[in-house]
Amino acid sequence: MSQVLLYDIPGPRARARHRIYAVLGGLFVLAVLAAAGWKLWDAGAITGETWTFLNEPLIVEDLLGGLVRTFEAAALAIGLAIVFGAVFAAGRLSGHSVIRWPSTLVVQFFRATPVLLLILFLFFAYGSTLGAFGALVVALTLYNGSVLAEIFRAGLLAVPHGQSEAAYAVGLRKLQVTTLILAPQAVRTMLPAIISQCVVALKDTALGYVIGSGEIVYEAKQIFRSPLYNNPIPVAITLAVIFIIINYSLSKLAQYLERRLSRRGEKAVDAAAYESGMGGAVA
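Numbering (our numbering), first residue to last: 33 to 315.
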């Protein structure tokens, strides 16, 4: 039995109260931030001298190099995770238990394992072969690939069963049904979750600093631990701004792609309806 949720649309007075609450809440947050900033400034934690590292060409070059390695690790991990997820999603959907159960075990195991533990295990067990950068990439691949496998599986299962039944009726095999019928339709549903998981993979590259993988957080740690600077808060703020800009850009990209795919799907539906109407008129 479906549930009906009732919601009263706020009237003019309620909307006015909400605006007042929003303004008061914003002022309170600004006051807290201002008080914290003044406290840090008074303690000498964010004075002008603590930001001088941004004027050093070598320091900026190290940060940019770390950012490039961060992008490289994220790109490799995301690409491999998509392949990993596609393979194990197919395994999870297999009709053969000898394939389905091992695939389920692998996916559930790596989904439940903390990424940091994976990084440390791979580094200490296979660091001589993989190196710090390789251990980071493999750990991110295993974790994010397992999550993407569940996203792919859920997206394929969300496509109406009539689509696959019609495809089987015309003689298509299961692989053809999945790749030609289900996957193109499921992409529109899966895309926001896929982009969100890519953002998670990018953020998790920061965990590589514990094994010295050379990404931007590791480079930043070398800066604030230097006796010349000793400025963890300005460095942390710089890193936060960089990651916020990158992740916000990826989120906006996901929204743009979702709108594009939705419009394309609506046009396809309208075209099909038009052709159906023309066919009915001709008949």
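From the three backbone atoms N, C-alpha and C, an ideal C-beta is built for every residue, glycine too.
- In this chain, the alpha helix (DSSP H) harbouring F141 covers S129 to A144.
- Counting only unbroken stretches of 3 or more residues, no beta strand (DSSP E) element lies wholly within the region 46 to 85.
- CA-CA distance, L289 to S283, rounds to 10 Å.
- Beta-carbon to beta-carbon, A167 and I243 are separated by about 6 Å, close enough to satisfy the 8 Å threshold.
- Taken in chain order, the complete alpha helix (DSSP H) segments of 4 residues or longer contained in the region 135 to 201 are 147 to 190 and 193 to 201.
- Using a 10 angstroms sphere on the CB of G203, the tally of other CB atoms stays under 16, which defines it as exposed.
- Between the C-alpha atoms of Y241 and Y250 there is a straight-line separation of about 4 Å.
- Residue burial is scored here from C-beta neighbours: V273 has fewer than 16 other C-beta atoms within 10 angstroms and is therefore classed as exposed.
- Note on geometry: alpha-carbon atoms of V169 and R257 lie some 26 Å from one another.
- In this structure, S135 places its C-beta atom within 8 Å of the C-beta atom of G123.
- The DSSP-derived three-state label of L271 is helix.
- Out of V219, I269, I151 and Y175, the CA that lies nearest to the CA of R292 is found in V219.
- Burial check for G111: the Cβ neighbour count within 10 Å stays below 16, so the residue is exposed.
- CA-to-CA, the gap between A225 and L285 works out to about 12 Å.
- In chain order, T79 place their CB closer than 8 Å to the CB of W73, counting only its own chain and leaving out the 5 sequence neighbours on each side.
- If you ignore the 5 residues before and after W83, its C-beta comes within less than 8 Å of the C-beta of N263 and P266, all in its own chain and listed in chain order.
- Distance between L260 and W70, taken at the CA atoms: about 24 Å.
- Cβ neighbours of F275 within its own chain (closer than 7 Å, five residues either side excluded): K235.
- Residue state for E247 is assigned as coil, using DSSP reduced to three classes.
- Between L214 and V191, the C-beta spacing is below 8 Å.
- Taken atom to atom, the span from the alpha-carbon of L95 to that of T270 is near 10 Å.
- Sequence-distant partners of S178 (beyond 5 residues in either direction) whose C-beta falls short of 6 Å from its own C-beta, in its chain, are V139, F142 and R143.
- Per DSSP, the continuous alpha helix (DSSP H) segment holding S228 begins and ends at A215 to D236.
- Excluding its 5 nearest sequence neighbours in each direction, G76 has C-beta neighbours in its own chain below 8 Å: T82, listed in chain order.
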